[in-house]
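Novice: Residue numbers (my numbering): 4 to 266.
Please see the structure below; I have some questions.
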Amino acid sequence: MAISTPATVNRVTDGPEELGPTTVLPAVRENIELHTDDGHVLVGEWAEPEGAKSSATLLFLHPLPTHGGFMDSHVFKKASYRLPALAHASVLRFNTRGTSSPRGTSEGQFEEGIGEAHDVAAAIRFLQERGASNIWLVGWSFGTELVLKYGSLEPVASAIKGAILLSPPLHRADDSDLVRWEESGLPLTVLVPEKDDYLRPKEAHERFGLVPSASVIGVDGAKHLWVGEKFVRRAHDEIVSAVAGRPVRLKTTWDGSIGTEPR
Numbered sequence: 004m005a006i007s008t009p010a011t012v013n014r015v016t017d018g019p020e021e022l023g024p025t026t027v028l029p030a031v032r033e034n035i036e037l038h039t040d041d042g043h044v045l046v047g048e049w050a051e052p053e054g055a056k057s058s059a060t061l062l063f064l065h066p067l068p069t070h071g072g073f074m075d076s077h078v079f080k081k082a083s084y085r086l087p088a089l090a091h092a093s094v095l096r097f098n099t100r101g102t103s104s105p106r107g108t109s110e111g112q113f114e115e116g117i118g119e120a121h122d123v124a125a126a127i128r129f130l131q132e133r134g135a136s137n138i139w140l141v142g143w144s145f146g147t148e149l150v151l152k153y154g155s156l157e158p159v160a161s162a163i164k165g166a167i168l169l170s171p172p173l174h175r176a177d178d179s180d181l182v183r184w185e186e187s188g189l190p191l192t193v194l195v196p197e198k199d200d201y202l203r204p205k206e207a208h209e210r211f212g213l214v215p216s217a218s219v220i221g222v223d224g225a226k227h228l229w230v231g232e233k234f235v236r237r238a239h240d241e242i243v244s245a246v247a248g249r250p251v252r253l254k255t256t257w258d259g260s261i262g263t264e265p266r
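Below, the structure written as structure tokens:
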């Protein structure tokens, strides 16, 4: 598989332009590698705000790789294209072990969320080596399991400020993980689609009752995969709001340097 190059901007808008599914906003982007303690090399991308200090760092953990999840899963890819410019946030996304994308293939094989503990630790180590600050975990589907299982354990817990979950299935993460998260004192925001395939808002409120400090937000009309620009924007708004500690609605237009996702 050919290794893709990071997306770039290549033109200047003639006035405000509506953001679309393939819009790329300015950022400093870099293909990176993560090295796990058990000897695997993982591939990913690091994106930082261009010409501005980063206000937060978002570490994205993608959906289930055996069902099509990877670092380019659309909500996360669009976040890397937009949030460095719209929210002054740095974004790290990567393929967990055995996962492929246009960026390349991470070494190893899928390990049901067990060996992936090393992947999360490697990502945290990378961020610490880069001097990243205000680190938040953002998991989607399978990625939420990794957040809940390992985010409240070292070496991750002391390195992060909190976490945001999108479409948590609560398959691999169990009640003990939820109790441990509550004991950690770390903030947790849980975004639950109204029409999710696995866990819907009513049940989510019940299951996350073990984390009374968590903010559980039902999203009307949304499904597990957050398909549609309306729901992508809602997810991004809620992620940035959780980090900021206040409601944030990101711009939906851009006036300036802009690009389109490479094909």
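Backbone N, C-alpha and C fix where the C-beta goes; we use that ideal spot for every residue, glycine too.
None of the values given here were measured: they were computed from a predicted structure.
1. Excluding five sequence neighbours on each side, which residues of the same chain lie with their C-beta closer than 7 Å to the C-beta of P68?
2. Do you know how far the Cα of E241 is from the Cα of P9?
3. Run the CB neighbour count on M4, radius 10 Å, all protein chains shown included, and call it buried at 16 or more, exposed below.
4. Using the C-alpha atoms, what's the distance from P87 back to G1?
5. Would the beta-carbon of G146 fall within 8 Å of that of L64?
6. Under three-state DSSP, which class holds P196?
7. Using the beta-carbon count (16 or more within 10 Å), is T256 buried or exposed?
8. Between P265 and Y84, what straight-line distance do the alpha-carbon atoms span, to the nearest angstrom?
9. What does the Cβ neighbour count give for V82, buried or exposed, with the cut at 16 atoms within 10 Å?
10. Please say whether G188 and A166 have beta carbons closer to each other than 8 Å?
11. Look up L67 in the DSSP assignment and say whether it is helix, strand or coil.
12. So which of L62, K80, S179, A125 has the shortest CA-CA distance to S136?
13. Under the three-state reduction of DSSP, which class applies to T16: helix, strand or coil?
14. The alpha helix (DSSP H) with G47 in it runs from where to where?
15. Would you please state the rounded distance, in angstroms, between the beta carbons of V235 and S244? I believe it to be under 8 Å.
16. Anyone know if the C-beta pair for A55 and A30 falls short of 8 Å?
Specialist: To lay it out plainly:
1. T99, G101, T102, F113
2. 26 Å
3. Legend: pLDDT at M4 = 36, less than 50; position of this residue unreliable, value from coordinates given subsequently. When all chains shown are included, M4 counts as exposed.
4. Because the chain in this structure spans residues 4 to 266, residue 1 falls outside the shown range and cannot be described.
5. yes
6. In the three-state scheme derived from DSSP, where H, G and I count as helix and E and B as strand, P196 is classed as strand.
7. Exposed, since its Cβ has fewer than 16 Cβ neighbours within 10 Å.
8. 12 Å
9. It should be noted that the sequence gives Ala, not Val, for residue 82. Buried: at least 16 other Cβ atoms inside 10 Å.
10. no
11. It is coil, neither helix nor strand.
12. Selected option, being the one with the closest Cα: L62.
13. coil
14. Where G47 is concerned, there is no enclosing alpha helix (DSSP H), although the beta strand (DSSP E) it sits in stretches over 44–51.
15. So it is not a contact: roughly 15 Å between Cβ atoms.
16. For A55 and A30, no; Cβs fall outside 8 Å.
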